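Numbering (the working numbering), first residue to last: 3 to 440.
In what follows, a structure is listed as structure tokens, so that the remarks can point back to it.
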């Protein structure tokens, strides 16, 4: 049996989990791969920090050039994250004829076209199961398990930090800023949480999932993105009153006008499975024309779950190398040269139902003036709740749910409403996905 040699670049959280599985599960992996899988190199700048397990002598190095020049290495695992120098290292490995495994969703979302094209030209494989939803095998499910389906819809709760924050706010009524600070103290959120809370991390993952599901190369610029930083306990309380949960939802849908791709806070019915996904867990809900509706659920991040996904790619590629069948399953589900240019539906063409929270002065006629503007833009009110103000001089919240309306009309109406002297802060808007037909 041919031994498959592995070089691991990056020995942080995910790198440690990956190395631990490769070393401690060596016998199991050999049995399942049909060949020995040997971790030959772990390359990192930090050679002294205790990772909690022992590494065989001679594996750990900070000499990247030596690792890259090793012609005995078959698979190169990139786990340093970020765009550069990760992009340079990955492309260099590919051009040297090495297969690549990565968990780097930002790299693939931004430079995926270049990386997959270069891999195609050099006849090597790129594994990226760990780039979306941590230990949940969503990539393999879409690429292989659902190959018989035209996929119409991909919905996802794909960022554990954002979901953890919204869960705490929902259960305990704690303001966003306080939950975020506590999450940072416990290590659930980064010191700079922008990518997590503003939807960028989720957009990286939706770009990858949409490319697989819809057969078009999707980039970050193709995805409308909003975060959760403006969500307040008041919004969550009103949502529950109306029978909804608020989630940061990744939405990918085929529509007549093109692909509908967006990330934003979304109100979904309490009864839907996605509403029950709590804490740092992730879920991906997929609709195919043959299989119908399926949902994959589990830990979307973490040392061992993500390491598990990385090693799954290693084993797949090792099997293919042993059998001389590399490229049997295209990395993106179809041959790279068959990817189509995406036809995108503009966000302004979206139609749906909306939640509005207006912060207004406590004056007679305010509700009528707001309703009048909405009516001028063909926005029909489904429900309306007006609460008393919290303090003597504080604003009065007015909350409305609309019937189906056009995004373009909503934007025009809110621009006019927010310019009124009676409105004290920008209107809070949350889109509603009923999901009753999904």
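We treat Cβ as the ideally placed atom computed from N, Cα and C, and that holds for glycine.
Bear in mind that the values here come from a model prediction, so they are computed numbers and not experimental data.
Excluding five sequence neighbours on each side, which residues of the same chain lie with their C-beta closer than 7 Å to the C-beta of residue 124? 96, 97 and 99
Boundaries of the beta strand (DSSP E) in which residue 257 is found, first to last residue: 246-257
Counting only runs that start and end within the segment 292-331, where is the beta strand (DSSP E) found for 3 or more residues in a row? 294-301
Rounded C-beta distance between residue 106 and residue 80? I'm assuming under 8 Å. 6 Å
Report, in whole angstroms, the separation of the C-beta atoms of residue 317 and residue 31, which I expect to be a contact under 8 Å. 6 Å
Using only alpha-carbon positions, find the residue among 244, 426 and 286 that is nearest to residue 204. 286
Close beta carbons around residue 181, own chain, < 7 Å, minus the five adjacent residues each side: 167, 170 and 171
Is the number of C-beta pairs between the segment 374-388 and the segment 399-408 that are closer than 8 Å three or more? yes
Residues bridged to residue 358 [DSSP beta-bridge criterion]: 402 and 431
C-alpha distance - residue 229 paired with residue 50, whole-angstrom precision: 38 Å
Could you check where the alpha helix (DSSP H) with residue 16 kicks off and where it finishes? 15-26
Minimum C-alpha distance to residue 126 - residue among 320, 255 and 83: 320
Distance between residue 363 and residue 423 (C-alpha atoms, nearest Å): 9 Å
Taking only three categories from DSSP, how would you classify residue 226? strand
Unbroken alpha helix (DSSP H) runs of length 4 or more, entirely within the segment 3-89: which are they? 15-26, 28-35 and 66-70
Tell whether a beta-carbon distance below 8 Å holds between residue 155 and residue 270. no
Ordered along the chain, which non-local residues of its own chain (more than five positions away) have a Cβ less than 8 Å from that of residue 113? 85 and 89
To which residues does DSSP link residue 407 through a beta bridge? 354
Top-ranked residue by Cα proximity to residue 281, from 165, 226, 192 and 415: 165
Who does residue 269 pair with in a DSSP beta bridge? 248 and 434
Is any non-hydrogen atom of the ligand HEM found closer than 7 Å to the C-beta of residue 113, if you look at the structure I gave you? Here there are no bound small molecules, and the ligand HEM is not part of this structure.
Residue 225: which of 217, 246, 201 and 247 sits nearest, CA to CA? 201
Is the CB-CB distance between residue 148 and residue 290 below 8 Å? yes
Do the segment 134-150 and the segment 228-247 touch if we need at least three Cβ pairs shorter than 8 Å? no
Using the Cβ count rule (16 or more neighbours within 10 Å means buried), how would you classify residue 54? exposed
Taking 8 Å as the cut-off, does the segment 211-218 touch the segment 237-256 (at least 3 CB pairs, one atom from each stretch)? yes
Contact check, residue 136 vs residue 15 under 8 Å by CB: the rounded distance? Going by Cβ atoms, the distance from residue 136 to residue 15 rounds to 11 Å, so no, they are not a contact pair.
Straight-line CA distance for residue 262 to residue 120? 29 Å
Report the three-state DSSP secondary structure of residue 220 (helix, strand or coil). coil
Give me the Cβ distance between residue 359 and residue 268, rounded to the nearest whole Å; I'm assuming they're in contact under 8 Å. Wrong, their Cβ atoms sit about 15 Å apart, outside the cutoff.
Alpha-carbon to alpha-carbon, residue 68 and residue 300: 38 Å
Out of curiosity, what's the CA-to-CA distance linking residue 304 and residue 118? 26 Å
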